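Quick notes on the structure that follows.
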Amino acid sequence: MELNNFIHVLGWTLVNSLWHALLIAILLGILLLLIKPKYSQIRVLLAFASLILVFAASIRTFADLSNSINNNELNKINNEALTSKLLFFYDLNSNTSNSQNISEGVFSHQILNTISSFANNNLEIIVILWFAGILLLSLRMFGGYLYLQKIKTKQLSKVDEKWENLLRTVSYKLRIKKVIYLYESAIVKFPTVIGFFKPIILMPIGILNSIPSDQIEMIFAHELAHIKRSDYLLNLIQSFLEIIYFFNPAVWFISKIIRNEREFACDDMAIETFGNKNILAKA
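Okay, so the sequence shown: first residue is 0 according to numbering that gives the first Met the number 0, each after it adds one.
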């Protein structure tokens with residue numbers, strides 16, 4: 000594929016992802032209104048599936064547009080496609096009289112054509128800005144990775160054997176077979192799980208001896224729930240997609256839902272295992 004065609008295909012894929020994500024976010028919002036908060040496992044799965052669906056839609060769009068190697072075809076196809084999709088949203092929200100619909104529809108069609116033409120005339124700028132954003136956010140993510148490597152190895156203290164035994168007990172109840180390492184850290188400010196293949200739990204220094212053991216048990220249960228659910232790996236995938244769609248408000252809306260529901264799901268797993276919601280709230 001020639002560079003100019005690649006820019007057109009990628010640019011229109013990015014533009015189309017805006018309405019793809021918007022539609023998926025609306026559908027997700029409707030589903031979450033129908034599903035009670037107590038079903039947090041289902042809610043977080045739906046939210047994560049929605050994020051993957053946005054990515055899948057972009058892949059499909061890129062593949063379809065790649066089949067059109069003529070610039071004129073691309074311009075025509077994407078101008079008409081974008082306008083028709085935006086008009087679809089307009090029609091859904093229109094409830095005025097027929098004559099008013101016609102006049103407003105013509106006016107809206109002109110506006111949408113203008114938006115579509117603007118996007119088409121600035122695809123190179125859109126793609127350049129997108130790559131620049133990807134680069135900057137990738138560097139930030141790499142910096143975050145280096146920070147995680149630092150807190151995994153620096154300023155760590157071994158914990159008392161009774162806490163290691165308690166962690167093993169909670170792991171057994173949650174049916175986790177992985178070996179989990181537990182340390183106190185002078186860097187972290189709240190309990191933190193790091194790693195997928197060899198996960199470790201870091202506790203702020205002093206917290207283990209400052210609150211009751213039943214609350215520590217619930218904290219362990221919550222953090223181990225993240226491990227059982229493979230949240231560390233899923234969070235990496237989510238972060239990768241957030242970088243790709245950094246310009247897309249609907250994706251950030253979906254991503255925020257995932258993060259919130261993920262915590263609720265871990266709370267629910269801890270409560271289901273140990274059956275004490277009040278202790279978890281105090282912890």
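Just so you know, even glycine gets a beta-carbon here, dropped at the ideal spot from N, CA and C. Note that the structure is a prediction, hence the values are computed from the model and not measured.
Below 8 angstroms CB to CB, which residues in the same chain sit around K153 once its five sequence neighbours on both sides are set aside? The residues I186, in chain order, have a CB closer than 8 angstroms to that of K153 in the same chain once the five nearest residues on each side in sequence are set aside.
What residue range does the alpha helix (DSSP H) around S137 cover? Residue range L122 to T152 is occupied by the alpha helix (DSSP H) that includes S137.
Taking L17 as the reference, which of N4, I29, A118 and L33 has the closest Cα? For the set N4, I29, A118 and L33, the Cα lying nearest the Cα of L17 is the one of A118.
Determine, using beta carbons only, whether V126 and Y244 come nearer to each other than 9 angstroms. No.
Limits of the unbroken beta strand (DSSP E) element including E183: Counting along the chain, the beta strand (DSSP E) containing E183 begins and ends at Y180 to S184.
Tell me the DSSP bridge mates of S156? Answer is E183.
Euclidean distance between Cα positions of G142 and N247: Straight-line spacing of the CA atoms in G142 and N247 works out to 23 angstroms.
Let's test the definition: count the other Cβ atoms within 10 Å of the Cβ of E260 and tell me whether it reaches 16, buried, or not, exposed. By the neighbour-count rule (16 or more Cβ atoms within 10 Å), E260 is buried.
Taking the straight line between their C-alpha atoms, what separation do you get for I41 and D266? Taking the straight line joining both Cα atoms gives about 14 angstroms.
Identity of the residue in S57, Q237 and H19 nearest L44 by Cα: Selection S57, Q237 and H19 evaluated against L44 yields Q237 as nearest (Cα-Cα).
Among residues of its own chain, excluding the 5 on either side of E163, which ones have a beta-carbon nearer than 8 angstroms to its beta-carbon? Excluding residues up to 5 positions away in sequence, L181 lie with their Cβ nearer than 8 angstroms to the Cβ of E163 in the same chain.
Pop quiz: Y231 and G205 are said to be a contact at Cβ under 8 angstroms. What is the actual Cβ separation, rounded to whole angstroms? Contact between Y231 and G205 does not hold, since their C-beta atoms are separated by about 25 angstroms, which reaches or exceeds 8 angstroms.
Find the nearest neighbour of I218 within the set T168, I253, A269 and F239, judged by alpha-carbon distance. A269 is the residue among T168, I253, A269 and F239 whose C-alpha sits nearest the C-alpha of I218.
Output yes or no for whether 9 angstroms exceeds the beta carbon distance between E123 and I6. In this structure, I6 lies closer than 9 angstroms to E123 by Cβ.
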